[in-house]
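Here's the structure, in structure tokens; my notes come after.
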Amino acid sequence: MELVPAHEQIIFDYVTAAELEVAIKHEHIAFPPDEADSPEQFRYRFKHARHLFLGAFTVSAQTKGRKLIGHVCGTQSPVTYYTKESMSVHVPSSPSICVHSVVLLESYQKKGIGLQMMREYLLRIQRQNSTLEAENRQGKPERVLLVTHDDVRPFYEKAGFICKGKSDVVLGAGMWYEMSYPLKPSGSNPSK
Ligand SMILES: CC(C)(COP(=O)(O)OP(=O)(O)OC[C@H]1O[C@@H](n2cnc3c(N)ncnc32)[C@H](O)[C@@H]1OP(=O)(O)O)[C@@H](O)C(=O)NCCC(=O)NCCS
Numbered sequence: 001m002e003l004v005p006a007h008e009q010i011i012f013d014y015v016t017a018a019e020l021e022v023a024i025k026h027e028h029i030a031f032p033p034d035e036a037d038s039p040e041q042f043r044y045r046f047k048h049a050r051h052l053f054l055g056a057f058t059v060s061a062q063t064k065g066r067k068l069i070g071h072v073c074g075t076q077s078p079v080t081y082y083t084k085e086s087m088s089v090h091v092p093s094s095p096s097i098c099v100h101s102v103v104l105l106e107s108y109q110k111k112g113i114g115l116q117m118m119r120e121y122l123l124r125i126q127r128q129n130s131t132l133e134a135e136n137r138q139g140k141p142e143r144v145l146l147v148t149h150d151d152v153r154p155f156y157e158k159a160g161f162i163c164k165g166k167s168d169v170v171l172g173a174g175m176w177y178e179m180s181y182p183l184k185p186s187g188s189n190p191s192k
């Protein structure tokens with residue numbers, strides 16, 4: 001596994017309005033046109049669920065600021081399995097978080113960053129749940145859902161997702177598999 005250059009550090013943080021258009025560009029680089037989510041879907045998710053729109057960034061002493069190199073974004077939904085409709089709707093306080101896009105720029109792939117990013121995403125959701133629980137508030141999500149092609153399944157399984165079988169979702173070419181990550185009671189470590 002090739003390492004990230006020594007002068008670059010990887011950090012994870014929520015995507016800002018200024019970085020949103022870069023994430024949209026990355027989506028269209030990573031996926032074929034019939035699979036890429038639209039700019040409108042991205043802008044909707046950012047507007048309504050930016051606490052579910054995490055970025056991976058490089059920071060370097062040689063450049064000013066941070067550079068977006070990947071993202072995970074989703075919305076909350078009443079569905080119990082992933083649907084195409086969930087891609088364009090955010091229903092706060094509902095039981096599922098549907099992840100719609102997971103992307104890392106090609107030059108940063110296969111270095112373990114994608115898995116770190118996914119684990120960080122799940123950890124933050126788990127923390128948000130702990131806060132809701134501490135404040136005695138209702139509407140904690142119970143699971144994280146997504147669909148994937150067969151070849152990327154091992155990646156999500158390494159992050160702790162369980163494959164629930166073939167999905168009914170039709171999106172571009174090829175078969176999709178339903179993946180589910182059960183959110184654990186607060187206090188437990190989601191990456192274990
Ligand atoms: C999927 C993606 C986010 C993975 O990021 P990454 O940084 O390359 O993955 P990592 O290096 O963290 O890989 C972690 C583990 O998952 C496995 N894995 C990663 N990508 C995989 C893939 N495409 N297929 C199968 N396994 C994969 C790796 O083998 C690795 O296991 P190992 O450590 O035992 O070798 C990245 O490849 C990507 O953005 N791809 C293009 C967009 C895409 O396909 N997104 C997913 C849509 S469902």
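Going left to right, the sequence shown walks through residues 1 to 192 as the UniProt record's numbering numbers them.
Heads up, the beta-carbon is just placed ideally off N, CA and C, and yes, glycines get one too.
All of these numbers come straight from a predicted model, not from anything done at the bench.
Query                                                                                          : Result
Limits of the unbroken alpha helix (DSSP H) element including PRO95                            : Element bounds for PRO95: n/a, residue is neither H nor E.
Near ligand 1: GLN109 beta-carbon under 7 Å from a heavy atom                                  : yes
Local Cβ density within 10 Å of VAL15, reported as buried at 16 or more and exposed below that : buried
7 Å CB neighbourhood of HIS28 in its chain, flanking five on each side removed                 : ALA36
8 Å Cβ cutoff met for LEU183 and GLN126                                                        : yes
Backbone secondary structure at GLY70 - three-state DSSP                                       : strand
Where GLN126 sits in the DSSP three-state scheme                                               : helix
Given 8 Å, three or more beta-carbon pairs between the region 86 to 93 and the region 30 to 50 : yes
Length of the line joining the Cα atoms of GLU106 and ASN136                                   : 42 Å
TYR14: first and last residue of the uninterrupted beta strand (DSSP E) it sits in             : 8 to 14
One or two residues paired with ILE24 in a DSSP bridge                                         : None; ILE24 has no bridge partner.
Minimum length 4: unbroken alpha helix (DSSP H) runs contained in the region 144 to 179        : 153 to 159
Min CB distance PHE161 to chain B below 8 Å                                                    : Included in the structure is just one protein chain, with no chain B present.
Test item: CB-CB of VAL22 and LYS111 under 8 Å                                                 : no
Any non-hydrogen atom of ligand 1 closer than 7 Å to VAL102 Cβ                                 : yes
Cβ pair ILE97, VAL144 closer than 8 Å                                                          : yes
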